[in-house]
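Undergrad: Sharing a structure, written as structure tokens. Questions coming.
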Amino acid sequence: MERETRPAVVVGAGPAGLCAAIELKRAGAPVLLLDENSKPGGQLFKQIHKFFGSQEHRAGVRGFEIGKDLLRESLDLGIDVRLDTEVVGLDPNLNVWAVEARKRSYTLEASRVILATGATENAVPFPGWTLPGVMTAGCAQTLINVHRVLPGRRVLVVGSGNVGVIVAYQLLQAGAEVAAVIEAAPALGGYGVHTAKVRRAGVPMLVRTTIVRAEGSEGVERAVLAEVDGKFKPVPGTERTLEVDAICLAVGLTPSIELAALAGCRTFFVPELGGHMPLHDEFMRSSVPAVYVVGDIAGVEEASTAMEEGRLAGIHAAHSMGYLDREEMERRTADTRRRLRALRQGVFGEKRFVAKERVLAEKEKECP
Amino acid sequence: MDRDENYICRCEEVTEDEIRTAIRGGARSVKEIKRWTRSGMGICQGRTCRRLVERILAEELGLAPGEVESSSFRPPVRPVSLDSMDGSRDPSTHGSGG
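Respectively, the protein sequence lines represent chains A and B.
Numbering-wise, our numbering puts 770 at position 226 of the first sequence, and it's gapless, one number per residue.
Numbering-wise, our numbering puts 303 at position 72 of the second sequence, and it's gapless, one number per residue.
Written as structure tokens, this is what we have:
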């Protein structure tokens with residue numbers, strides 16, 4: 545089989561992108577890994593908590609340690625990683641438009657593109673949310689775990705999902721007080737282990753509660769909360785005020801599909817996975833066969849699933865470029881798929897598994 | 232900025248009232264609201280407000296969130312300085328922009 549000499553371009557050096565590039569390079573395929581940040585690793589280096597899963601999923605290992613291992617592996621393999629490089633355009637012919645250090649714009653002709661662009665944090669708007677001190681949970685996590693800066697002394701966390709409770713706990717570890725974690729739904733949304741740690745620390749967890757307003761002159765000084773009715777509307781007369789100087793929004797993530805849309809990938813709306821996302825098959829191929837989507841862009845999940853999806857796409861892309869025969873591709877992806885299935889179990893995992901099955905079925909139906 | 236207002240698009244300072252007014256005046260998609268109010272036309276190109284506008288549209292029109300017609304995307308998907316395009320490679324092959 546003739547081997548493709550134009551590179552596979554991987555966009556995003558988070559867990560999914562790094563794993564895709566590693567598998568491509570391991571198979572001997574030409575690969576370029578681009579990332580807009582000055583360091584690779586995506587969100588992994590902000591994750592100071594231990595991961596779940598089984599032994600082979602590195603359960604019990606902290607996120608940043610996994611990040612360090614992936615980086616070492618990518619360096620040992622000699623992967624061409626271009627940092628400070630934003631990918632701002634992509635067309636259906638796989639011309640990649642990159643901008644280096646915000647200064648030099650150039651195009652690359654790729655033979656395959658693997659999009660590992662991640663997700664964007666959702667916002668919840670209320671009067672006063674533009675005041676300094678209102679930020680997303682990811683922003684607070686970057687401040688405390690990367691820059692070692694406290695976002696506030698007394699913080700309100702909006703949203704009780706995994707991101708909300710993990711960041712609430714990390715705020716406590718960093719020395720902030722968490723005034724409350726509020727949740728508009730009738731039940732808390734995060735993994736029990738993380739939620740319990742925050743609760744044991746004495747943080748009030750308020751369900752059926754929303755934020756209606758932030759107040760302050762130069763920055764956040766107070767948050768006004770209210771109970772919500774069955775339609776998530778604030779109930780008049782239930783307002784109460786919390787003295788806080790920071791508000792962290794942890795209300796979900798949306799797949800960053802801009803480049804996939806430009807490449808012509810068909811999208812599908814899957815609420816459990818974050819909203820509009822590109823359709824993909826079992827090898828993470830989108831409706832544009834030479835474009836793969838991996839990690840949060842292909843449905844918001846976790847770093848552990850993102851890594852396996854990256855490996856799947858990397859192995860399959862190397863095969864399609866002529867660097868692995870079918871048998872070897874199938875052998876390597878079989879392990880990956882078995883691990884992915886194991887990760888999509890339990891209350892949260894099963895829901896994501898079912899949603900992913902729907903994505904595969906839709907892809908099969910729309911573009912077989 | 233008025234502190235009593237609920238801003239939906241922070242870049243272009245478009246309020247919830249302005250977006251609801253546009254929908255009640257006939258806007259039916261994120262794209263139409265964008266053209267009407269400039270919501271989503273600022274430096275972040277709708278990364279934050281797109282979902283919020285979709286939700287308001289669904290609420291006003293009585294649609295499920297997935298049924299709302301979303302916005303389209305155009306290159307560049309991040310702000311790019313004209314200086315960076317010195318002509319050594321031609322980025323105009325990437326679509327008509329605008």
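For glycine and all other residues, C-beta sits at the position ideal for the given N, C-alpha and C.
Just so it is clear, the structure is predicted and the values come from calculations on it, not from any experiment.
Please list, in chain order, all residues of the same chain as A/N689 whose beta carbon is under 6 Å from its beta carbon, the five residues on each side excluded.
TA: Within the same chain, A/N689 has close Cβ partners K590, I592.
Undergrad: Helix, strand or coil for B/G328 per DSSP?
TA: Because B/G328 carries a pLDDT of 36, less than 50, the predicted location of this residue cannot be relied on, and no value is offered for it.
Undergrad: Across which residues does DSSP place A/E630 in a beta bridge pair?
TA: DSSP, once it has assigned bridges, lists A/V643 as partnering A/E630.
Undergrad: Going by DSSP, what residues sit across from A/A767 in a beta bridge?
TA: Answer is A/A758, A/L786, bridged to A/A767.
Undergrad: Expressed to the nearest angstrom, what Euclidean distance is found between the alpha-carbon atoms of A/D773 and A/E783?
TA: The straight-line gap from Cα to Cα measures roughly 13 Å.
Undergrad: From this set, A/V555, A/E567, A/L562, which residue's C-alpha is nearest A/M873's C-alpha?
TA: Among A/V555, A/E567, A/L562, the Cα nearest to that of A/M873 belongs to A/E567.
Undergrad: Among A/V711, A/R744, A/R616, A/V701, which one has its Cα closest to the Cα of A/A723?
TA: Ranking the options by Cα distance to A/A723, first place goes to A/V701.
Undergrad: Strictly under 7 Å for the Cβ-Cβ distance: is A/K775 near chain B by that measure?
TA: Answer no: the Cβ-Cβ gap between A/K775 and chain B never drops below 7 Å.
Undergrad: A/D825 bridges to which residues according to DSSP?
TA: For A/D825, which the question treats as bridged, DSSP gives no partner whatsoever.
Undergrad: Bridge partners for A/S582 per DSSP, in chain order?
TA: The partner list for A/S582 (beta bridge, DSSP) is empty, contrary to what the question assumes.
Undergrad: Report buried or exposed for B/S327, applying the criterion of at least 16 other Cβ atoms within 10 angstroms of its Cβ.
TA: Legend: pLDDT at B/S327 = 36, less than 50; position of this residue unreliable, value from coordinates given subsequently. Exposed, because fewer than 16 other Cβ atoms sit within 10 Å of the Cβ of B/S327.
Undergrad: Since B/E236 meets chain A, which of its residues come closer than 7 Å, beta carbon to beta carbon?
TA: Ordered by position in chain A, the residues that pass the 7 Å Cβ test against B/E236 are P671.
Undergrad: Check the Cβ of B/S270 against every Cβ in chain A and list those closer than 8 Å, keeping chain order.
TA: Residues of chain A passing the Cβ test: none, with the nearest at roughly 12 Å.
Undergrad: What residues of chain A sit near B/D239, judged by a beta carbon separation below 8 Å?
TA: Note on residue identity: the sequence assigns Ile, not Asp, to residue 239 of chain B. Going along chain A in sequence order, the residues near B/I239 (Cβ under 8 Å) are P669.
Undergrad: Taking Cβ positions only, does A/A805 come closer than 7 Å to chain B?
TA: Output row for A/A805: interface = yes.
Undergrad: Report, in whole angstroms, the separation of the C-beta atoms of A/S704 and A/V737, which I expect to be a contact under 8 Å.
TA: Contact flag wrong, Cβ pair sits at about 14 Å.
Undergrad: Tell me, to the nearest whole angstrom, how far the beta carbon of A/V898 is from that of A/L823; I am working on the premise that it is less than 8 Å.
TA: Contact doesn't hold; Cβ gap of about 16 Å is too wide.
Undergrad: Buried or exposed for A/K900, please, with buried defined as at least 16 other CB atoms from any protein chain shown within 10 angstroms of its CB.
TA: A/K900 is buried by the Cβ-count criterion.
Undergrad: What are the start and end residues of the beta strand (DSSP E) that includes A/L700?
TA: 698-702 is the span of the beta strand (DSSP E), which, as asked, contains A/L700.
Undergrad: Between which two residues does the alpha helix (DSSP H) containing A/Y713 stretch?
TA: Note, A/Y713: alpha helix (DSSP H), 706-717.
Undergrad: Are the Cβ atoms of A/V768 and A/T785 separated by less than 7 Å?
TA: In contact: A/V768 and A/T785 (Cβ atoms closer than 7 Å).
Undergrad: Going along the region 802-831 of chain A in order, which residues come within less than 8 Å of chain B, judged by CB to CB distance?
TA: Correct list: E802, L803, A805, L806, F813, P815, G819, H820.
Undergrad: Taking Cβ-Cβ distances below 7 Å as the criterion, which residues of the region 628-654 of chain A are in contact with chain B?
TA: The residues in question are E630, V632, G633, D635, N639, W641, V643, R646, K647, R648, S649, Y650, T651.
Undergrad: Considering only C-alpha positions, which residue in the set A/L715, A/V555, A/M749 is nearest to A/A663?
TA: Measuring from the Cα of A/A663, the nearest candidate turns out to be A/V555.
Undergrad: State the start and end residues of the unbroken beta strand (DSSP E) segment that holds A/A552.
TA: Run containing A/A552: 552-555, per the beta strand (DSSP E) assignment.
Undergrad: So what does DSSP say about A/M679, is it helix, strand or coil?
TA: Three-state DSSP puts A/M679 in a strand.
Undergrad: Going straight from the alpha carbon of A/G633 to that of B/P306, what length do you get?
TA: Roughly 5 Å separates the two Cα atoms.
Undergrad: Would you say B/L283 faces chain A, with C-beta separation under 7 Å as the test?
TA: It does; some Cβ of chain A falls within 7 Å.
Undergrad: Starting from A/R656, follow its DSSP beta bridges and name the residues at the other end.
TA: A/A552.
Undergrad: Determine, using beta carbons only, whether A/T661 comes closer than 7 Å to chain B.
TA: No, because no Cβ of chain B sits closer than 7 Å to the Cβ of A/T661.
Undergrad: Contact check, B/I264 vs B/I250 under 8 Å by CB: the rounded distance?
TA: Their Cβ separation, rounded to whole angstroms, is 6 Å, which keeps B/I264 and B/I250 in contact under 8 Å.
Undergrad: What does the Cβ neighbour count give for A/G781, buried or exposed, with the cut at 16 atoms within 10 Å?
TA: So A/G781 counts as exposed.
Undergrad: Give me the DSSP bridge partner(s) of A/K594.
TA: A/K594 is bridged to A/R606.
Undergrad: Against chain A, with Cβ distances strictly below 7 Å, would B/T279 count as a contact?
TA: Yes, B/T279 counts as interfacial toward chain A.
Undergrad: Helix, strand or coil: how does DSSP classify A/V898 here?
TA: If DSSP states are grouped into helix, strand and coil, A/V898 belongs with the helices.
Undergrad: Identify each residue in the region 674-694 of chain A for which the Cβ-Cβ distance to at least one residue of chain B is less than 7 Å, and report them in chain order.
TA: Correct list: T674.
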